[in-house]
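Just so you know, my numbering puts 150 at position 129 of the sequence shown, and the rest follows in order with no gaps.
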Amino acid sequence: MKKKDIKILLVDDEADILEIVSYNLSQEGYQVFTAENGKIAVQKAKKHIPHLIIMDVMMPEMDGMEACEIIRKTPELGQVIITFLTARSEDYSLVAGFDAGADDYITKPIKPKVLVSKVKALLRRLKDENAVTENLNVGDIIINREEYKIVKEGTEIILPRKEFELFYLLASKPGKVFKREEILDKVWGSEVVVGGRTIDVHIRKLREKIGEDLFKTIKGVGYKFEV
């Protein structure tokens, strides 16, 4: 996909951040749309169907967490990549962001060139997704890579993008032991700097959402990871 075809929605209540970040992303050739709060972000997301949303957390009228949850429940926005851009980096904020459906977390302040580099790393997934569209079957579990959903005995399990990619990675390599570094590279990309705590949070959320028995079933047929 060419840069001129990629749409990015930037959401922040600080006008200077909108101006600086949108300028740098536009200079890279992306289509950039902006919103001043979560409520407007939801409206513009439905209108433009962006590939990536970069969203602040603390905003008036509707914060980023609530906006993210609404976007994740909107069918036509199911595959959009959402990353929070915020000054808050405490563990509880990370967990809340992932619970809301975020794929990633970028903390302020961040230099424009570094942000552009992270955006490029996030958008590389679009190419990977187009290349891998087949279903993966493990016992009575169907993992639909194209639609980002898991079906077990007719019941659909919805996961945020990052959790899905992690689950798909573990289930796609029978007998393979994944180390932290490999998980970070495969799921987050080599240019995105995240800590090991991020993997721990996602593993915990996977256990909660798909169930301990289902998670053990995946591991029980040879799927292992080392975290």
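Ideal Cβ positions, reconstructed from N, Cα and C, are used throughout, including at glycine.
*Who are the near neighbours of PRO181 in its chain, counting only those whose CB is closer than 6 Å to its CB and skipping five residues on each side?*
In the sequence shown, residue 181 corresponds to position 160, counting from 1. Once the five neighbours on either side are set aside, the close Cβ partners of PRO181 are GLY122.
*Taking only the alpha-carbon atoms, compute the straight-line gap between GLY119 and HIS223 and give it to the nearest angstrom.*
In the sequence shown, the residue the question calls residue 119 occupies position 98. In the sequence shown, the residue the question calls residue 223 occupies position 202. Checking the displayed sequence, the identity of residue 119 turns out to be Phe instead of Gly. Approximately 8 Å between the Cα atoms of the pair.
*Who pairs with PHE310 in a beta bridge, going by DSSP?*
The question about residue 310 has no answer, for the chain in this structure spans 22 to 248.
_Can you tell me whether ASN151 is helix, strand or coil according to DSSP?_
Taking the sequence shown and counting its residues from 1, one reaches residue 151 at position 130. Any reading at ASN151 must be qualified, since the residue scores a pLDDT of 48, below 50, and its modelled position is unreliable; the value itself is stated next. ASN151: helix per DSSP, three-state reduction.
*asked:* Taking a contact to mean a Cβ-Cβ separation below 7 Å, would you say ILE74 touches LEU106 in this structure?
replied: If you number the sequence shown from 1, residue 74 lands on position 53. If you number the sequence shown from 1, residue 106 lands on position 85. No, the pair does not count as a contact, with Cβ atoms beyond the cut-off.
*Taking ILE164 and TYR189 to be in contact with their CB atoms under 8 Å, please state how far apart those CB atoms are, rounded to whole angstroms.*
Position 143 of the sequence shown holds residue 164. Position 168 of the sequence shown holds residue 189. Right, the Cβ-Cβ distance comes to about 6 Å (below 8 Å), so this counts as a contact.
*the segment 63-70 / the segment 25-37 touching (three or more Cβ pairs under 8 Å)*: yes
*Mapping DSSP to helix, strand and coil, what is ILE27?*
Numbered from its first residue, the sequence shown carries residue 27 at position 6. Of the three classes helix, strand and coil, the one that applies to ILE27 here is coil, per DSSP.
*According to the Cβ coordinates, are ASP124 and ILE103 closer than 7 Å?*
Sequence index remark: in the sequence shown, residue 124 carries index 103 (1-based). Sequence index remark: in the sequence shown, residue 103 carries index 82 (1-based). Result yes, Cβ atoms of ASP124 and ILE103 sit closer than 7 Å.
*Determine the closest residue to GLU168 out of LYS23, ILE131, LEU98, with distance taken between C-alpha atoms.*
On the sequence shown, residue 168 is found 147 positions in, with the first residue counted as 1. Per the Cα distances, LEU98.
*May I have the straight-line CA-CA distance separating LYS132 from GLU49, to the nearest angstrom?*
The count along the sequence shown starts at 1 and reaches residue 132 at position 111. The count along the sequence shown starts at 1 and reaches residue 49 at position 28. If you take the alpha carbons of LYS132 and GLU49, they lie about 15 Å apart.
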